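In terms of numbering that gives the first Met the number 0, the sequence shown is residues 0 to 120.
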Amino acid sequence: MKLSTNSNNYYNYPFLSDVGDNSVINYTPNAGGMDLVNNPELIDNILETEGLPELKQIIIEMNSKDSPYITLGCANWQSKDEPVFTYLEFSFRDIQTANNIEFISQIDNLFLDWLYQQADN
């Protein structure tokens, strides 16, 4: 993946750091994008993983040298009036795979179908 030199938004990687949303119960600032593939020691800079060893471990594994994935971002927050939200944003390292819109759309559709099946159970 080619790193962008124009990262003043969330459409280019690496993302800039940001103060984040301080209106939540478990406030953590946005550390910004970092290359965990070549710098795995930076994992400790991702404050969202504090108290969430499973999130930290999956980020480590997805950025390991033999993984086909790269993580782009994550978050974990609890609004004062809402449940906890967590997400992990990732992509394929292989640029041709990452840019194959038909393939990615198929994965999305299969995942959505699976989610609906889980909701029905």
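Ideal Cβ positions, reconstructed from N, Cα and C, are used throughout, including at glycine.
Here the structure is a predicted model, which means the values were calculated and not measured.
Residues that residue i bridges to, as DSSP identifies them
i	result
Ala74	Tyr86
Asp17	Asn29
Pick from the options that is closest to residue i, judged by C-alpha positions
i	options	result
Gly50	Glu101, Tyr86, Glu60 and Asn25	Asn25
Asn37	Ala97, Asp107 and Thr70	Thr70
Trp87	Gln117, Asp20, Glu60 and Asp80	Sequence inspection shows Leu at residue 87; the Trp mentioned does not correspond to that position. Comparing Cα positions, the closest option is Glu60.
Thr85	Leu54, Leu111, Glu101 and Asn62	Leu54
Val83	Val23, Thr96, Ser16 and Asp17	Val23
Ile94	Asp80, Tyr68 and Gly31	Tyr68
Alpha-carbon spacing of residue i relative to residue j, whole angstroms
i	j	result
Leu41	Gly72	13 Å
Glu101	Gln117	24 Å
Asn29	Ala74	8 Å
Arg92	Asn98	10 Å
Residue i in three-state terms, based on DSSP
i	result
Asn44	helix
Ile69	strand
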